[in-house]
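Structure record follows, encoded as structure tokens.
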Amino acid sequence: MTTETDWRRKWTSNLCASPWHPLEIQGSPYLVKWLFNEILCEIILTDFDSFWYEELSNNSFKERVEAR
Numbered sequence: 021m022t023t024e025t026d027w028r029r030k031w032t033s034n035l036c037a038s039p040w041h042p043l044e045i046q047g048s049p050y051l052v053k054w055l056f057n058e059i060l061c062e063i064i065l066t067d068f069d070s071f072w073y074e075e076l077s078n079n080s081f082k083e084r085v086e087a088r
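So the sequence shown is numbered by the numbering used here: it starts at 21 and just counts up by one.
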């Protein structure tokens, strides 16, 4: 059986483990969560009726930011 220390060393963050954060846009409530790491960026947004999800490589994310 592995110890907690071993488990913590092997654990990697993922979007499911990220907390939801409240967000209000023009008076409408949303929830958003994100994950940024060395490889990719993931964002998920919900208005409680539908979900928007996007996954980008870090290079694609940087290109999109620089284009603005």
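Even for Gly, the Cβ is constructed at its ideal location relative to N, Cα and C.
Taking just the CA atoms, how far does residue j sit from residue i?
| i | j | result |
| --- | --- | --- |
| ILE64 | ALA87 | 22 Å |
| LEU51 | SER77 | 23 Å |
| SER48 | ALA37 | 25 Å |
| LEU43 | PHE56 | 18 Å |
| LYS53 | PRO39 | 6 Å |
| TRP31 | GLN46 | 38 Å |
| THR23 | GLU83 | 42 Å |
Going by DSSP, what residues sit across from residue i in a beta bridge?
| i | result |
| --- | --- |
| SER38 | Bridge partners of SER38: none, in fact. |
| ILE63 | TRP54, GLU74 |
For the alpha helix (DSSP H) that contains residue i, what are its first and last residues?
| i | result |
| --- | --- |
| THR23 | Premise fails: THR23 is in no alpha helix (DSSP H) and is neither H nor E. |
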